[in-house]
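Enquirer:
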Amino acid sequence: MTAYVIRRLGTSIVVVLGVSIFIYLLLHIVYPSPAIDVLGPHASPQAIASWNKQHGFDDPWIVQYLRYMNNLLHGNLGYSYKANQSVAALFAETWARSAYLSGISLLFAVVTALPLGIFQAVKRNTIGDTVVTSLAFVTYAMPVFLLGLILIQVFALSIPIFNYQASQFTSVFGVMGDWYSMTLPIGTLTLISVAGFSRYMRSSAIDALAQDYIKAARAKGLPERLVLGRHLVRNASLPMVTLIGLSIPLLLVGNLIVETLFNYRGLGLLFYNSLQNVDYNVLLAYTLFGAVLTVVGNLIADVALTVADPRIRLA
Amino acid sequence: MSNIAPLSPLDITRAPEGGDVGPVQSGWRLALREFAANKLAVIGLAILAFFVLFCFAGPLVYHGNILNTDLASTNLPPGAGHPLGTTDVGFDELGLLMNGGQAALEVGFFAAVIGIVIGALWGAIAGLAGGILDSVLMRVVDVFLSIPFLFIVLIVAVKYGASVLGLSLIIGAFTWLVPARLVRGEVLTLRVRDFVSAARTAGSTRWRLIGRHLIPNALGVMIVNVTFNVADAILAVAALGFLGFGLHYPTQDWGDMLSNGTQYIQDGYWWLVYPVGACIVLVVMACNLVGDALRDSLDVRLRRR
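Protein sequences appear in the order of chains L and D.
With my numbering applied, the first sequence closes on residue 315, and no number is skipped along the way.
With my numbering applied, the second sequence closes on residue 1305, and no number is skipped along the way.
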């Protein structure tokens, strides 16, 4: 068990290193130097060259990469020449709001998809199951922003019970209390995740229902409520552990689009604004951050599954 | 089998227990029959065929104004002359839908083909080589899978501008990963099979082994994956367009049209939002339906007998 975790951790570190090299190199090719952005479009080539020399942008890329990684390990994410702030400060301002939006949506998605999948498995091939499956299928095929738009149209414009814009509170506690504004963004992200989760949940519950321990539980006369609650839920929710870990890339992209659509000042909107004014250091840091989060999510999913399921404890 | 008459024990024309005896059918034909029996799959295929016709043959029949600003007819609701209304600069919405669909389908198709070709070769080489090369190749796949690919697509699209070819290349460059894993898995099970050993004993080169024996046998897995990749690529292009970094005039894309319509959602100009939204959902859903059905019909274990 420990050996497995250590081996898995080792692979993850190698992957993170590979990811950082790839992303750094790609951004280096796309945006070799921020000199033009700092000095303005009319800067002379000499001025640009001397600025590059002064800030180390004329070194070989591998030197620049190593310097960047060294700074990164010391908590320095670089400087945003557009916002005139350090990237770390920009992230510190926004991360809590994004974490809240993603976290609570993921939580809602899990507590919706779990019972939904079990309901579908128990009542499989009935009208209820077909309706849920079809709805999930349509939602799964829907771009996030279209779902958000439909929710805005229905619940903010036609029946004005919610705000069409996300909460503009600066403090994350203010945002948490502002359900009038936060219901639609959270709802959008939740629904998209539920659509992805529920089909896995359904098939995993169907698999679990066919197992011998369910038959045994029924045969010894356990009430159906307990069969489902005690034996089915725990076994059928195993794949959920993996799914949550693997859903991080989806959440990051969902965050980007939902925050842009609802004008919610989190990391996603920061990334979007940085794209528009080519804020190289923010783009680099956030892409790296997203990749590391993905790797960590995979790692946690794998390890958690090994802990939860004795059958796959390998080493 | 219900009306088989009792026969003498020596009659060898009698059908054996368990079913009719017919000509042996190839696996592909069986799969095709299975696919055609799946109603949802046929519907999905019909939707896809409709959209290909609509987007590529439609503009030959229907000439909507999608090039010239026409301030006299902006934001017209659907009516005579403009079956789906007009946009804020007087473009014809139906014409735009056809034009935008071309881009979506082209990018979806090319990206999926690029992805599958790279992925199949990568996976086949890794699976066949084994050892250190296999580990290195698969770690590269892990690295690419960890990168939030829409972020990279956005960063590159902002700098170089999006074009159908560029988008196909870059989306394709990030969608070969899952096929690579699948094909490697197939190859690992195939390479110990007798026909591969036979080919190897007969002196086949490595490339011939990959091209003639391994890839064709992994084709089922690959075809299924292509359909899902087409759906993903279309969604990615739509997201890009929605964020404002998609294709540029005179090429349109569906995401861009949606984002444009969003500005007028409070004015009630529904024709700028819902037709194009329905197009995206229908095409993506059709791809997923076809993919699901193909997976069911090509997977021998799931096949009804």
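All residues carry an ideal CB built from backbone N, CA and C; glycine is no exception.
Taking buried to mean at least 16 other C-beta atoms within 10 Å of its own C-beta, is D/A1046 buried or exposed?
Expert: D/A1046 comes out exposed.
Enquirer: Pull up the DSSP beta-bridge partners for D/H1082, would you.
Expert: BP columns for D/H1082 point to D/G1079.
Enquirer: From which residue to which residue does the alpha helix (DSSP H) around L/P115 run?
Expert: Segment 87 to 122, the alpha helix (DSSP H) holding L/P115.
Enquirer: Taking C-beta to C-beta, are D/S1168 and D/A1111 nearer than 8 Å?
Expert: Yes, the Cβ-Cβ distance between D/S1168 and D/A1111 is below 8 Å.
Enquirer: Would you tell me roughly how many angstroms separate the C-alpha atoms of L/A35 and L/A49, rounded to the nearest one?
Expert: Using only the alpha carbons, I get a separation of about 8 Å.
Enquirer: Between L/L270 and L/V282, is the Cβ-Cβ spacing less than 8 Å?
Expert: Their beta carbons are under 8 Å apart, which means L/L270 touches L/V282 by this criterion.
Enquirer: Would you kindly check if the distance between the Cβ of D/T1175 and the Cβ of D/A1233 is under 8 Å?
Expert: Taking 8 Å as the Cβ cut-off, D/A1233 and D/T1175 qualify as a contacting pair.
Enquirer: Please tell me whether L/Q165 and L/N263 are closer than 8 Å, where the distance is taken between their beta carbons.
Expert: Taking 8 Å as the Cβ cut-off, L/Q165 and L/N263 qualify as a contacting pair.
Enquirer: Would you tell me roughly how many angstroms separate the C-alpha atoms of L/R199 and D/D1070, rounded to the nearest one?
Expert: Computed Cα separation, rounded: 47 Å.
Enquirer: Please report how far the alpha carbon of L/A308 lies from the alpha carbon of L/L107, in whole angstroms.
Expert: Each residue's Cα considered, the two are about 19 Å apart.
Enquirer: Give the residues of chain D in contact with L/M142, contact being defined as C-beta atoms less than 7 Å apart.
Expert: Here the neighbours are V1281.
Enquirer: By the 9 Å beta-carbon criterion, what residues does the segment 249 to 277 of chain L contribute toward chain D?
Expert: If the cut-off is 9 Å between Cβ atoms, the segment 249 to 277 of chain L has P249, L252, V253, L256, I257, T260, L261, F271, Y272, L275, Q276 near chain D.
Enquirer: Is DSSP giving L/Y79 helix, strand or coil here?
Expert: Strand at L/Y79.
Enquirer: Quick one: which chain D residues come within Cβ less than 7 Å of L/L90?
Expert: What L/L90 touches in chain D: nothing, since even the nearest Cβ is about 16 Å away.
Enquirer: Quick check on this structure: which residue in L/L243, L/A109, L/A210 has the alpha carbon closest to the alpha carbon of L/V227?
Expert: For L/V227, the nearest C-alpha among the options comes from L/A210.
Enquirer: Does the separation of the CB atoms of D/L1289 and D/I1118 fall below 8 Å?
Expert: No, these two residues do not count as a Cβ contact at 8 Å.
Enquirer: Closer than 8 Å between beta carbons: that is the criterion. Which residues of the segment 1165 to 1178 of chain D meet it against chain L?
Expert: Here the close residues number zero.
Enquirer: Thinking just about the alpha-carbon of each residue, which of L/S247, L/L77, L/N52 is nearest to the one in L/T287?
Expert: Looking at the Cα atoms, L/L77 is the closest of the given residues.
Enquirer: Which residues bound the alpha helix (DSSP H) around D/G1100?
Expert: Taken as a continuous stretch (DSSP letters only), the alpha helix (DSSP H) holding D/G1100 covers 1093 to 1129.
Enquirer: Leaving out five residues on either side along the sequence, give the residues of the same chain with a beta carbon under 6 Å from the beta carbon of L/G297.
Expert: Correct list, in chain order: G245, I248.
Enquirer: Does the distance from the CB of D/F1245 to the CB of L/L275 come in under 8 Å?
Expert: Yes, the Cβ-Cβ distance between D/F1245 and L/L275 is below 8 Å.
Enquirer: Taking 8 Å as the cut-off, does the segment 1207 to 1217 of chain D touch the segment 1089 to 1102 of chain D (at least 3 CB pairs, one atom from each stretch)?
Expert: No contact exists between the segment 1089 to 1102 of chain D and the segment 1207 to 1217 of chain D.
Enquirer: So, helix, strand or coil for D/M1001, using DSSP?
Expert: Per-residue confidence for D/M1001 stands at a pLDDT of 40, beneath the threshold of 50, marking its modelled position as unreliable; no derived number is given.
Enquirer: Tell me the DSSP secondary structure of L/A291 in three-state form.
Expert: Of the three classes helix, strand and coil, the one that applies to L/A291 here is helix, per DSSP.
Enquirer: Comparing the C-beta of D/M1285 with each C-beta of chain L, is any distance below 8 Å?
Expert: Answer yes: the Cβ-Cβ gap between D/M1285 and chain L drops below 8 Å somewhere.
Enquirer: Whose CA, out of D/F1035, D/P1179, D/D1088, D/C1055, lies closest to the CA of D/Y1264?
Expert: Nearest C-alpha to D/Y1264: D/D1088.
Enquirer: Hey, could you find the ends of the alpha helix (DSSP H) L/F173 is sitting in?
Expert: Where L/F173 is concerned, the enclosing alpha helix (DSSP H) stretches over 172 to 177.
Enquirer: Taking C-beta to C-beta, are L/M201 and L/M240 nearer than 8 Å?
Expert: Cβ distance < 8 Å, so L/M201 and L/M240 count as in contact.
Enquirer: Using only CA atoms, which one of L/V144, L/N84, L/I118, L/Y140 lies nearest to D/F1228?
Expert: When only C-alpha atoms are compared, the closest one is L/Y140.
Enquirer: In chain order, what residues of the segment 1259 to 1282 of chain D put their CB closer than 7 Å to some CB of chain L?
Expert: Those would be T1262, I1265, Q1266, V1273, G1277, I1280, V1281, in chain order.
Enquirer: In terms of residue numbering, what span does the alpha helix (DSSP H) encompassing L/K53 cover?
Expert: Run containing L/K53: 45 to 54, per the alpha helix (DSSP H) assignment.
Enquirer: Taking 8 Å as the threshold (C-beta atoms), are L/V295 and L/I118 in contact?
Expert: Not closer than 8 Å, so no.
Enquirer: Among D/L1084, D/A1036, D/A1072, which residue has its Cα nearest to the Cα of D/Y1269?
Expert: Per the Cα distances, D/L1084.
Enquirer: So, D/W1271 versus D/P1077, is the Cβ gap smaller than 8 Å?
Expert: Against a cut-off of 8 Å, the Cβ pair of D/P1077 and D/W1271 comes out as a contact.
Enquirer: Contact defined as beta carbons within less than 8 Å: I believe L/F162 pairs with L/T183. What is the distance between those atoms, to the nearest angstrom?
Expert: 5 Å between Cβ atoms; contact.
Enquirer: Let me check understanding here. Comparing Cα to Cα, which of D/G1123, D/V1221, D/G1100 lies closest to D/V1164?
Expert: Residue D/G1100 is the option with its Cα nearest to D/V1164.
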